[in-house]
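If you read the protein sequences in the order shown, they are chains S and E.
By our numbering, the letter at position 256 of the first sequence is numbered 256, and the numbering carries on one by one without gaps.
In our numbering, each residue carries its 1-based index in the second sequence increased by 350.
C-beta: ideal position from N, C-alpha, C; glycine also.
A quick write-up on the structure given underneath.
Protein chains: 2
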Amino acid sequence: MTTMSNRYQADPAKNRPTMRHVAALAGVGIKTVSRVMNDEPGVSEATRRRVLDASQQLNYQLDMAAGSLRRTGRQTLSIGLLLPSVANPFSSEIHRALEDALAARGIAVFAASLDDDPEREKALVAAFLGRRVDGLVLTPIARSQSYVIPEHSRDLPMVFIDREPVGIDADAVVTDNAVGAARAAAHFLAHGHTKIAFLGDRTDIQTARERRRGFIEELGRAGLATSTVPVRDGLHDEESARLAALELLTAEDPPTAIFSSQNLVTFGAMRALKELALSKRVALIGFDDFTLADMMEPAVTVIAQHPERIGRLAAERLLARIDGDKQPARTYVVPSELIQRGSGEIRPQS
Amino acid sequence: MTTMSNRYQADPAKNRPTMRHVAALAGVGIKTVSRVMNDEPGVSEATRRRVLDASQQLNYQLDMAAGSLRRTGRQTLSIGLLLPSVANPFSSEIHRALEDALAARGIAVFAASLDDDPEREKALVAAFLGRRVDGLVLTPIARSQSYVIPEHSRDLPMVFIDREPVGIDADAVVTDNAVGAARAAAHFLAHGHTKIAFLGDRTDIQTARERRRGFIEELGRAGLATSTVPVRDGLHDEESARLAALELLTAEDPPTAIFSSQNLVTFGAMRALKELALSKRVALIGFDDFTLADMMEPAVTVIAQHPERIGRLAAERLLARIDGDKQPARTYVVPSELIQRGSGEIRPQS
DNA sequence: CGATGTTGTGACAACGATGTCTAATCGTTA
DNA sequence: TAACGATTAGACATCGTTGTCACAACATCG
């Protein structure tokens, strides 16, 4: 053996350098490197330079995981986000707004899709907890969220979005589903409709139930016999909605206006109306806005939600909790908005 | 003092339990707990039970970060994904496909949006590296990706999507942009068009250049004087595209067919056509499919990309690299597909 | 001039887990 | 019954970093 290979010499080709490598190269102690990397005071400018030079030369980068292991508070600067699907436009807008609000604090976002699977919800929560996220933002799917009570009582910041959790008292940010749906009902009534149908999503989904309740109650307040309102529930995709709409529209004494409680259902209703050439004769209002709604023939009136506001508010609440806010849990309601575009303003035809 | 408080006694209310707490409660050594939690052999069934019981009682959960710190290989089971925007439908479908392919291996995905900002690209890559992700999937924005060469040569798995990287030799998964655009050109030619306009995105984007090249070259092959083809570049949003289309369509000797190289541009073109009541007289093909394209009047013919295939393939390549695949870097091309819906089949009007 | 800060720095333990190694226990076998 | 391998379990060092503390060097004060 001729040369003793220094144990802390960086092999630039493969091994990732650590603080020791930087310290050795700069000729300082490892704690000094730590101080420089974390912008802590108490390092002379000369030393600082040397450390910075060394770390650049080695292309060194701080290991956050190792750091947060030791650091008091143990923050990882990452949070977990659980959505119905990251590919769902409503969800991904929330995701985007959250990301923007959290990026300012250097917080990274783990995102995952639930696909309506309660087991997956639990598994993903566990996976994120194992990675020691600083907080969780989730759309609840499972029948109850009580399984996170242990974590929640350990002060894990948690904000539910779109739907309120069951079996646990935690913050939530939701759309005013009932109010929005009622607004649609009132709109139809104001335009002279009395035969109004409701096309709804699966009733095990809280938002779907709320929208139905708000809609029907408003009709009731106006004096309509709510028991005679044609209601089709359990529609979870375009095709089932299309068939349900076709059935309603071809029955005897068909409705003159249709409210659809969700995007895919709206699309299905639109297809049915188009097939029957009724698009310009039967009124339609959909819950949730969508791209190109204004380019349809006729343009589609909707109750628009504000995903960007939901996301921003959820981020704010989460950050507040992370910063130690101990307020009692609350549900925050983001108002929806009726956007008139034409389809909702069609009057009943004689 | 009456009672000595055990240092490792869990305060279930606040402190997260560690292996020591579990070990103490189960009356075993900490390494035994580790063995049980990791399903390692060499633990008797009786001990196993005791440990499992204790860990359930304390609601213990393994700390992956601490584990991977010591573990050989140091995998964190998380990867970083950089997209133009998580709210962009094309991007979020890729995201979803990636997630599905990686979830099977228990890999979590950090997702972030770039917003066409090269600085953000570098910052986010650094942020993910600091979290020691096992790999990176990214849409390159910056003029060059050479800044990741140090990491790449340390064998950090990396796959570029949608666009090929510049200044570094790494895997990429892209759409056959030129071929797809050429297919649109051929389609127009086959339907008798000779006055064909091109509406393009910013030319600093590789995919935009490729689409233009493919389109123009195909027209050239058919004998058209390519220098006379009306080309409008630099369109990055709906409004600029709408204005460009209006200008083209109201000029002297207007085109009888329009190709738009991107979704927002397609929307802008659709609006212009509608305003001029030319939707059914001027042919239109858009690059990239979109929701409700088949519900438009007329339905819109598109060159569809396959984001789900791009995502799946990117995940496959990333996993292969993570598993040690040392093949030379390659670019994988996912074919696009022409979907005829009506707008692209309109023949030139006399 | 000695006592007293003030700075700058590094040694050391610790964070929560795993890799290595050694030891105790047990059942088998010669 | 002594010797042996197989099985089970724990002690200890370690991963890369930060918190704590001690200490040297130097400036400041009565």
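Is it the case that the region 564-574 of chain E contacts the region 583-597 of chain E, given that we only count it when at least three CB pairs across the two stretches are under 8 Å?
No, the region 583-597 of chain E is not in contact with the region 564-574 of chain E.
Please report the residue range of the alpha helix (DSSP H) in which S:Ala299 lies.
S:Ala299 -> no alpha helix (DSSP H), and no H or E assigned at all.
Can you tell which of S:Leu313, S:Ile161, S:Pro89, S:Pro307 has its C-alpha closest to the C-alpha of S:Ser336?
Comparing Cα-Cα distances from S:Ser336 to each of S:Leu313, S:Ile161, S:Pro89, S:Pro307, the minimum goes to S:Pro307.
Out of S:His187, S:Glu239, S:Arg211, which one is the CA nearest neighbour of S:Val231?
Closest option to S:Val231, Cα to Cα, is S:Arg211.
Helix, strand or coil, according to DSSP, for S:Glu164 in the structure here?
S:Glu164: coil per DSSP, three-state reduction.
Assuming E:Thr681 and E:Ala522 form a contact by the criterion Cβ under 8 Å, report the distance between their Cβ atoms to the nearest whole angstrom.
Right, the Cβ-Cβ distance comes to about 4 Å (below 8 Å), so this counts as a contact.
Looking at the strands, I want to know which residues DSSP matches up with S:Thr250.
Per DSSP, none; premise fails for S:Thr250.
With 8 Å as the threshold, decide whether the Cβ of S:Leu224 is near any Cβ in chain E.
No - not a single Cβ of chain E is within 8 Å of the one on S:Leu224.
Would the region 78-90 of chain S count as touching the region 42-52 of chain S if we require 3 or more Cβ pairs under 8 Å?
Output reads no: the region 42-52 of chain S does not touch the region 78-90 of chain S.
For S:Pro12 and E:Arg504, what's the separation of their Cα atoms in angstroms?
Annotation note: pLDDT 45 at S:Pro12 (below 50); position unreliable, coordinate value reported separately. S:Pro12 and E:Arg504: Cα-Cα distance of roughly 8 Å.
Short of 8 Å in beta carbon distance, which residues of its chain neighbour E:Gly456, apart from the five on each side in sequence? Order them along the chain.
Answer for E:Gly456: Leu427, listed in chain order.
Distance, Cα to Cα, S:Ala10 vs S:Ser68?
Interpretation of S:Ala10 is limited by its pLDDT of 41, a score under 50 that renders its predicted location unreliable; no figure is taken from the coordinates.
Does the count of Cβ pairs from the region 138-152 of chain S and the region 104-124 of chain S closer than 8 Å reach three?
Short answer: they touch.
Between the Cα of S:Asp253 and the Cα atoms of S:Asn263, S:Glu238, S:Thr194, which residue gives the shortest distance?
If we check each option's Cα against that of S:Asp253, S:Thr194 comes out closest.
Identify whether S:Glu45 lies in helix, strand or coil by the three-state DSSP scheme.
If DSSP states are grouped into helix, strand and coil, S:Glu45 belongs with the helices.
Mind checking E:Glu625: buried by the 16 CB within 10 Å criterion, or exposed?
Its Cβ having fewer than 16 others within 10 Å, E:Glu625 is exposed.
Cβ of E:Gln411 less than 8 Å from any chain S Cβ?
At least one chain S Cβ lies under 8 Å of E:Gln411.
CB-CB under 6 Å to E:Asn409, same chain, minus the five flanking residues each way: which ones, in chain order?
Contacts found: none.
Using three-state DSSP, classify E:Tyr497 as helix, strand or coil.
Three-state result, E:Tyr497: helix.
Please identify the residue among E:Ala534, E:Thr651, E:Ser577, E:Arg481 whose C-alpha is closest to the C-alpha of E:Phe711.
In the structure as shown, chain E starts at 351 and stops at 700, and residue 711 of chain E therefore has no counterpart that could be examined.
Alpha carbon to alpha carbon, how far is E:Arg659 from E:Val684? Give it in angstroms, no decimals.
Going from the Cα of E:Val684 to the Cα of E:Arg659 covers about 7 Å.
Taking Cβ positions only, does E:Thr641 come closer than 8 Å to chain S?
E:Thr641 counts as touching chain S.
Based on Cα-Cα distance, which residue from E:Glu589, E:Val509, E:Ile444, E:Phe637 lies nearest to E:Ala532?
The candidate whose alpha carbon is nearest that of E:Ala532 is E:Phe637.
Could you give the distance in angstroms between the alpha-carbon of S:Leu318 and the alpha-carbon of S:Ala65?
About 21 Å.
Using a Cβ cut-off of 7 Å, pull out every chain S residue sitting near E:Ala619, in sequence order please.
Per Cβ cutoff of 7 Å: no residues; E:Ala619 is ~12 Å from chain S at best.
Do S:Phe259 and S:Ile196 have their CB atoms nearer than 8 Å?
Taking 8 Å as the Cβ cut-off, S:Phe259 and S:Ile196 qualify as a contacting pair.
Select from the region 436-448 of chain E all residues with a C-beta closer than 7 Å to any C-beta belonging to chain S, and list them in chain order.
So the list reads Val436, Ala437, Pro439, Ser442, Glu443, His445, Arg446, given in the order they occur along the chain.
E:Thr651 and E:Ser693 look like a contact to me (Cβ under 8 Å); what is the Cβ gap, rounded to whole Å?
Rounded, the Cβ-Cβ distance is 5 Å, consistent with contact.
What residue ranges within the region 256-324 of chain S form continuous beta strand (DSSP E) runs of no fewer than 3 residues, ordered along the chain?
Entirely contained in the region 256-324 of chain S, the beta strand (DSSP E) runs reaching 3 residues are, in chain order, 257-260, 283-287, 301-304.
For a test of the three-state rule: what should DSSP assign to S:Ser85, helix, strand or coil?
Correct three-state label for S:Ser85: coil.
If you follow the alpha helix (DSSP H) that E:Gly456 is in, where does it begin and where does it stop?
Segment: none, E:Gly456 is in no alpha helix (DSSP H) and carries neither H nor E.
Determine the contact status of S:Ala257 and S:Val282, defining contact as a CB-CB distance below 8 Å.
Contact flag set, yes.
Within 10 Å of its beta-carbon, does E:Ser463 have 16 or more other beta-carbons around it, so buried, or fewer, so exposed?
Buried: at least 16 other Cβ atoms inside 10 Å.
Taking the continuous beta strand (DSSP E) assigned at E:Val579, which residues delimit it?
Looking at the DSSP string, E:Val579 is not in any beta strand (DSSP E), and its letter there is neither H nor E.
In the structure shown, what three-state DSSP assignment does E:Gly379 receive?
In this structure, E:Gly379 counts as coil in the three-state DSSP scheme.
Do you know how far the Cα of E:Ser590 is from the Cα of S:Tyr8?
Reliability of the predicted coordinates at S:Tyr8 is poor, the pLDDT of 40 falling under 50, and the value obtained from them is presented with this limitation in mind. If I take the Cα positions, the gap works out to 57 Å.
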